[in-house]
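See below for the structure under consideration.
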DNA sequence: TTGTAAGCGTTATCAC
DNA sequence: GTGATAACGCTTACAA
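Residue numbers (our numbering), protein chains in the order written: chain A, 1 to 342; chain B, 1 to 342.
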């Protein structure tokens, strides 16, 4: 039972040729119904299973697509992957997962292995450190569809599925203004990354549009972690004229901020309001729930998959798509001054 | 730039044969250093990249392994996958992700496609509904290593990496007893699944070992969801002699329980203690943090990968491994009567 | 040290 | 309708 059955085995058994078997299994109309049935029956009988590697070599299509993310153990990315898988599974595609940990070398390496594996497409969230586009050009040179989601870079021939990060930052900040916050700080991550840059710009614009002063000193770039958020706010509050709210581009940082505030005796939301970004599950579950901007990762994953499918369908139409999803602000306890939680 | 470069292309350019090119690229010692260098240089130059599909067809090894989980957007599974990827990536393996949503048909389908894709191994958390082992036998028949993690089934030739669920249930229950709870209920999920059965048995044994009565009426089987936990506890509390604690085999149910308790005016942990299972991130982040049993998913994933690697290394030694990890109880606010939170 | 040729399992292009 | 054969890109005996 250890040997794998090929179409030759079943051809031999039936005294026909492998070509006929192949045709019969693929429902080629030129094959008589009689042999078709016979072949299918014996194939079933012998536990035949098509070797898709051989098919991939022959056809150049592997029915496999590569997905590259910074890391998989973040709800945001896991959910995107789920969306991609849900959408692509019915079409017989497999998903190969690669993590980059935001390292450029890992990203290049992953692209190489995915190309070598003859994937039919690469869907990726490009890492901050990926500065040269030349490596990505290799993908396009091989005629492999490339699509960015969430973290993109502008590149000819590459479709993107992102969220309107500017609008997200704007909405969050405007909300803080509307509930009466006067001095709103912004905690963010490395702004060479477009997503953080745009959220920041949304923040800034909201301030200006509402006649508030924009002061660069109120903007802090941190590592994307709980600890850094906590430390940063504790330091910040020591200053002579501390803020009364923070819009954070990261939920993890927002969480740290809130814990820091409470450890210093501040009441949230009475003394200080906080809004995060990403709508990570814990923001909702916390007893003092955190306001956050939802990015709809499931929809983002599904949309990315759909864009890929379209691109494959009419690969002549090389027009790149730029899908931008609208973020949604969830107002919760951490910023509920007059308005109620939702 | 659209054509893919093969070893033939570079052979032609150098007026040698493809075999020599192949050997040179693979550092075959019989090739002169001179040609080796030459070949490697021109390969680099021509942007050659090995076609791993051809290699897979030739060698029968795809350097790809399949991972099957109920769903990827649960922190527990995402973290396991991360552990597997982290461990296997250095060895050049790719990970194909499949979701089953606990559906038997999906599981069978995924196994078929993975086998057709010629994966070098399948690591899976078997779903509750997968009653027949015959489908899984197909994997072994093809000589493809099969390893179960977390949710296993006893099967000859299959290694398993699990957690000691019995110990987890026992520890959680014993802790509740130790802090003075008198009537401890148990909320669980479908106990035809071994993990839930064992957690239940640990619960039962702990009661008996401490001279407490075991009453089946205090055990409820629910869907694994927040809503069901909330509804169940609210109903339960209506009874004449309600419990004063619940050990839940699911963190999501535990979360629902706590919200239900508070909506009915109970104080946690003063009036009622709760312990969950899985140590999902939110249990820690909540202001009223939830005690929970940690399953060490990262370690579980890594261990599973290691067992796979060992199995591949000495495939003659067909001895199956049974690794059982020790769970750890995290005592937090939801069950901190006399003892302090950790 | 290198060339020749077969083979991995399919499918596609000719023939008949 | 079916058979023979080449081809996908690579590795590997076997020769030379």
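Glycine is no exception: its CB is placed at the ideal position from the N, C-alpha and C atoms.
Checklist entry - Are any of the Cβ atoms in chain B nearer than 8 Å to that of residue 362 of chain A? => result In the structure as shown, chain A starts at 1 and stops at 342, and residue 362 of chain A therefore has no counterpart that could be examined.
Next on the checklist: Does the stretch 289-307 of chain B come into contact with the stretch 301-317 of chain A, if we say contact requires no fewer than three beta-carbon pairs (one atom in each stretch) closer than 8 Å?
Outcome noted: no
Checklist entry - Quick one: does residue 62 of chain B have its CB under 8 Å from some CB of chain A? => result yes
Item to check | Neighbourhood of residue 75 of chain A by C-beta distance below 7 Å, restricted to the same chain and skipping five residues each side | outcome: 280 and 281
Item to check | the stretch 289-303 of chain B touching the stretch 149-169 of chain B, judged by at least three CB pairs closer than 8 Å | outcome: yes
Item to check | Start-end ranges of the alpha helix (DSSP H) lying completely within the stretch 104-172 of chain B, minimum 4 residues | outcome: 104-116 and 134-141
Item to check | Any C-beta of chain A under 8 Å from that of residue 71 of chain B | outcome: yes
Checklist entry - Any idea if residue 173 of chain B is buried or exposed, counting beta-carbon neighbours within 10 angstroms, 16 or more meaning buried? => result buried
Item to check | Of the listed residues B/18, B/190 and B/184, nearest to residue 241 of chain B (C-alpha basis) | outcome: B/184
Checklist entry - What does a CB cutoff of less than 8 Å around residue 225 of chain A pick up in its chain, not counting 5 residues either side in sequence? => result 252, 253 and 256
Item to check | Listed by chain order, chain B residues near residue 281 of chain A by CB distance under 7 Å | outcome: 282
Next on the checklist: Quick check: does the Cβ of residue 225 of chain A come within less than 7 Å of any heavy atom belonging to the ligand MN?
Outcome noted: Ligands displayed in this structure: none; no statement on the ligand MN is therefore possible.
Next on the checklist: Tell me the DSSP secondary structure of residue 89 of chain A in three-state form.
Outcome noted: helix
Checklist entry - Start and end of the beta strand (DSSP E) containing residue 277 of chain B? => result 273-278
Item to check | Per-residue DSSP class, three states only, for residue 200 of chain B | outcome: helix
Checklist entry - Using a Cβ-Cβ distance under 8 Å, would residue 303 of chain B count as near chain A? => result no
Checklist entry - Considering only residues of the same chain and omitting the five flanking positions on each side of residue 171 of chain A, which have a CB-CB separation below 6 Å? => result 329
Item to check | Contact the stretch 99-108 of chain B vs the stretch 123-132 of chain B: 3+ CB pairs below 8 Å | outcome: yes
Item to check | C-alpha gap between residue 244 of chain B and residue 262 of chain B, whole angstroms | outcome: 14 Å
Checklist entry - With DSSP run on the structure shown, which of helix, strand or coil describes residue 329 of chain A? => result strand
Item to check | DSSP three-state assignment for residue 80 of chain A, whether helix, strand or coil | outcome: helix
Checklist entry - Alpha carbon to alpha carbon, what distance is there between residue 275 of chain A and residue 290 of chain A? => result 7 Å
Next on the checklist: I want to verify the contact list: residues of chain A whose CB lies under 9 Å from the CB of residue 96 of chain B, in sequence order.
Outcome noted: 64, 94, 95, 96 and 97
Next on the checklist: Less than 8 Å between CB atoms is the rule here; does residue 118 of chain A satisfy it with respect to chain B?
Outcome noted: yes
Checklist entry - Do you know how far the Cα of residue 62 of chain A is from the Cα of residue 95 of chain B? => result 15 Å
Next on the checklist: Short of 8 Å Cβ to Cβ, which residues in the stretch 245-262 of chain B face chain A?
Outcome noted: 255
Next on the checklist: Rounded to whole angstroms, what is the Cα-Cα separation between residue 9 of chain A and residue 52 of chain A?
Outcome noted: 17 Å
Checklist entry - Which term fits residue 341 of chain A, buried or exposed, when burial requires 16 or more other beta carbons within 10 angstroms of its beta carbon? => result Unreliable placement is indicated for residue 341 of chain A, whose pLDDT of 38 sits below 50; the coordinate value is still reported in the next sentence. Label assigned to residue 341 of chain A: exposed.
Item to check | Minimum Cβ-Cβ distance from residue 287 of chain A to chain B less than 8 Å | outcome: yes
Next on the checklist: Using 8 Å as the threshold, is the C-beta distance between residue 187 of chain A and residue 229 of chain A below it?
Outcome noted: yes
Checklist entry - Hey, is the stretch 110-120 of chain B in contact with the stretch 84-91 of chain B, meaning 3+ C-beta pairs nearer than 8 Å? => result no
Item to check | Cβ of residue 330 of chain B within 8 Å of any chain A Cβ | outcome: no
Next on the checklist: Suppose the cutoff is 7 Å on Cβ atoms and the five residues either side in sequence are ignored; what does the same chain contact list for residue 339 of chain A look like?
Outcome noted: Its pLDDT being 44, under 50, residue 339 of chain A is placed unreliably by the model, and nothing is read from it.
Item to check | For residue 187 of chain B: DSSP bridge partner residues | outcome: B/220 and B/248
Item to check | CB-CB length for residue 60 of chain A against residue 119 of chain A, believed under 8 Å | outcome: Rounded, the Cβ-Cβ distance is 11 Å, inconsistent with contact.
Checklist entry - Thinking C-alpha only, which one of B/37, B/136 and B/7 is nearest residue 68 of chain B? => result B/136
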